[in-house]
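A short write-up of the structure that comes next.
Numbering (my numbering), first residue to last: 2 to 87.
The following block contains the structure:
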């Protein structure tokens, strides 16, 4: 289990099972050619509940969950821990 907190204050947990999920790997390799897969990456990595929590976390500021902010948080999560990077 990997636990962390982003610079913006979002707390996350990533299960070891999610990190060892082949479907997540496929999604991440296909996302460059098909950006519409990004929401599935969030759900596979964080799980449905945490993905929804992230959306609500971002909406608290102005009522919108910015795709740019979502992307920055995903990038930060992926860079935050060596185990996630691999």
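Just so you know, even glycine gets a beta-carbon here, dropped at the ideal spot from N, CA and C.
Residue burial annotation: residue 43 is buried, with at least 16 other C-beta atoms found within 10 angstroms of its C-beta. Closest in alpha carbon position to residue 74, among 23, 26, 59 and 45, is 59.
If you draw a 10 Å sphere on the C-beta of residue 6, you find fewer than 16 other C-beta atoms in it, and that means exposed. Residue 50 is classed as exposed because its beta carbon has fewer than 16 other beta carbons within 10 Å across all chains shown.
Boundaries of the beta strand (DSSP E) around residue 4: 3-6.
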